[in-house]
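Trainee: My structure is below; once you've seen it, I'll send some questions.
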Amino acid sequence: MIDMHTHVVPADFPAYPGREKTHGWPCMHCGESHHRTVMIGGKPFRQVTDNAWDVNRRLDEMAAEGVERQVLSPMPELLSYWFDLDDALAFGRYINGCIAEMVARAPQHFHGLGMVPLQDPERAAREVRSLKHDYGLLGVEVGSNVNGIAMGDRRFDPFFAALQEEDMCLFVHALHPTRERLYGPPLMEALVAFPNENGLGIAAFIANGVLDRFPRLRIAFSHGGGSFPMILPRLQHGWEISQPLREAIPRSPQDVARRFWYDTLVYSEPALAYLMQVYGSSQLMIGTDYPFVIRESHPGRRLEGLALGTAEREALLVGNCRRFLGL
């Protein structure tokens with residue numbers, strides 16, 4: 004089994020190298036055994052355990068749950084699109100180096116996705132080439148928006164062009180959703196706002212014709228696409244009855260949505276069965292959000308309640324992810 008949605012936090016962060024008086028450069032506060040707290044802007048952001056960086060512990064936990072390989076990507080809050088460019092470059096290269104080092108320690112068990120400074124799409128495009136040729140990573144993790152601009156916006160075309168040219172994959176993870184009208188403790192952001200952020204993000208990729216301009220681009224979305232599976236039939240109906248919408252979006256939204264990949268992180272068999280109906284089982288990959296608190300443990304068990312043939316099950320566990328990664 005390949006778990007395509009896992010995250011990395013390094014054991015420590017380098018000292019801030021820049022000149023900005025106010026910055027969001029993270030640091031690590033050491034707490035109790037096996038736990039540390041990521042501090043951002045002087046405030047606690049998240050407590051993490053050592054499986055976020057410890058390769059041996061990670062491998063032990065993978066073996067216990069039948070996971071042969073993980074795809075490693077940065078904790079989304081580390082993507083740092085709000086940094087000045089020089090700071091973003093320095094920080095991103097540090098994180099990419101940490102991921103590359105973990106992959107090098109267990110290449111038979113890990114694949115890596117890196118990060119690039121999308122506050123400057125042209126520079127991000129150059130960093131894509133470095134990710135492949137200098138770090139040996141297979142793709143890029145990005146946030147669903149960059150400082151409020153949807154990732155599907157045309158201003159990111161230089162970045163998309165570089166990904167397609169280098170035959171690298173793109174994993175779009177929900178990031179910084181709108182918090183208006185969101186009630187409850189901080190975890191509600193990940194549980195409620197992230198899925199809606201995913202829905203908006205996928206719609207932007209479709210409406211802006213990203214795959215029309217970059218047809219060989221392999222794009223995956225986190226959390227099963229969030230709310231989008233429920234939105235898609237409504238969007239498809241509107242497209243079929245509205246000529247202005249068909250003129251603005253030449254291709255069927257349903258057809259475009261079935262060209263993306265999605266993880267299976269929806270926490271129930273009926274929800275997963277619905278994803279298979281909407282997207283097709285060929286576009287789904289196991290994903291858990293390891294090692295964070297909301298992760299799904301023993302992900303392979305979710306498939307046991309579904310009527311799957313041997314080939315379809317194997318594709319969900321391994322084959323679809325290999326196609327996405329370009330292996």
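The numbering of the sequence shown is the working numbering, which starts it at 4 and goes up by one.
In this text, a Cβ means the ideal position worked out from N, Cα and C, and glycines have one as well.
1) Kindly identify the DSSP beta-bridge partner or partners of Tyr265.
2) In whole angstroms, what is the alpha-carbon distance linking Gln73 and Thr9?
3) Put Asn54 into one of helix, strand or coil per three-state DSSP.
4) Let me know the secondary structure DSSP gives Leu75 once reduced to three states.
5) Sort Met7, Ile297, Glu35 by Cα distance to Ala193 and report the nearest one.
6) Whose CA, out of Phe217, Leu203, Asp292, Glu307, lies closest to the CA of Gly151?
7) Under three-state DSSP, which class holds Glu183?
8) In whole angstroms, what is the alpha-carbon distance linking Gly21 and Gly95?
9) Taking the beta carbon of Gln286 as the centre, do at least 16 other beta carbons fall within 10 Å, making it buried, or is it exposed?
10) Leaving aside the five residues before and after Arg129 along the sequence, list all residues of the same chain whose C-beta is less than 8 angstroms from its C-beta, in chain order.
11) I'd like to confirm the pairing. Which residues does DSSP put opposite Ile43 in its beta bridges?
12) What does DSSP give as the partner residue(s) for His176 in the beta ladder?
13) Could you round the C-beta distance between Asp266 and Gly290 to whole angstroms and report it? I think they count as a contact, below 8 angstroms.
14) Can you name the start and end residues of the alpha helix (DSSP H) that Phe113 belongs to?
15) Once DSSP output is grouped into helix, strand and coil, what is the label at Asp6?
16) If you draw a straight line from the alpha carbon of Arg108 to that of Gly308, how long is it in whole angstroms?
17) Helix, strand or coil for His37, going by three-state DSSP, please let me know.
18) In whole angstroms, what separates the C-alpha of Leu319 from that of Glu23?
19) Checking 8 angstroms against the spacing of the C-beta atoms, do Ala223 and Trp264 come in under that value?
Mentor: The relevant details are as follows:
1) Locating residue 265 in the sequence shown gives position 262, counting from the first residue. The partner list for Tyr265 (beta bridge, DSSP) reads Phe224, Leu287.
2) Counted from its first residue, the sequence shown places residue 73 at position 70. Counted from its first residue, the sequence shown places residue 9 at position 6. Cα to Cα, the separation comes out at about 7 angstroms.
3) Residue numbering aside, residue 54 sits at position 51 when the sequence shown is read from its first letter. Three-state DSSP puts Asn54 in a helix.
4) Stepping through the sequence shown from its first residue, residue 75 is reached at position 72. Residue state, collapsed to three classes: strand.
5) Within the sequence shown, numbered from 1, the residue matching residue 193 stands at position 190. Among Met7, Ile297, Glu35, the Cα nearest to that of Ala193 belongs to Ile297.
6) Taking the sequence shown and counting its residues from 1, the one referred to as residue 151 is at position 148. Looking at the Cα atoms, Leu203 is the closest of the given residues.
7) On the sequence shown, position 180 is the one that residue 183 refers to. Here Glu183 sits in coil by DSSP.
8) As a first step, residue 21 must be located in the sequence shown, where it is residue number 18. As a first step, residue 95 must be located in the sequence shown, where it is residue number 92. Taking the straight line joining both Cα atoms gives about 14 angstroms.
9) Counted from its first residue, the sequence shown places residue 286 at position 283. Gln286 comes out buried.
10) Within the sequence shown, the letter at position 126 stands for residue 129. Taken in chain order, the residues that qualify are Ala165.
11) Translated into the one-based positions of the sequence shown, residue 43 becomes position 40. DSSP, once it has assigned bridges, lists Lys46 as partnering Ile43.
12) Along the sequence shown, one-based indexing puts residue 176 at 173. Bridge partners of His176: Gly146.
13) For the purposes of this step, residue 266 is taken as residue 263 along the sequence shown, with counting starting at 1. For the purposes of this step, residue 290 is taken as residue 287 along the sequence shown, with counting starting at 1. 3 angstroms between Cβ atoms; contact.
14) Position 110 of the sequence shown, counted from the first residue, corresponds to residue 113. Here Phe113 belongs to no alpha helix (DSSP H); instead the beta strand (DSSP E) covers 113-117.
15) What you label residue 6 is simply residue 3 of the sequence shown in a count that begins at 1. In this structure, Asp6 counts as strand in the three-state DSSP scheme.
16) Here the question's residue 108 lines up with position 105 in the sequence shown. Here the question's residue 308 lines up with position 305 in the sequence shown. Taking the straight line from one Cα to the other gives about 35 angstroms.
17) Here residue 37 corresponds to residue number 34 of the sequence shown, with the count starting at 1. If DSSP states are grouped into helix, strand and coil, His37 belongs with coil.
18) Here the question's residue 319 lines up with position 316 in the sequence shown. Here the question's residue 23 lines up with position 20 in the sequence shown. Roughly 46 angstroms separates the two Cα atoms.
19) Your numbering for residue 223 matches position 220 in the sequence shown. Your numbering for residue 264 matches position 261 in the sequence shown. Going by C-beta atoms, Ala223 is nearer than 8 angstroms to Trp264.
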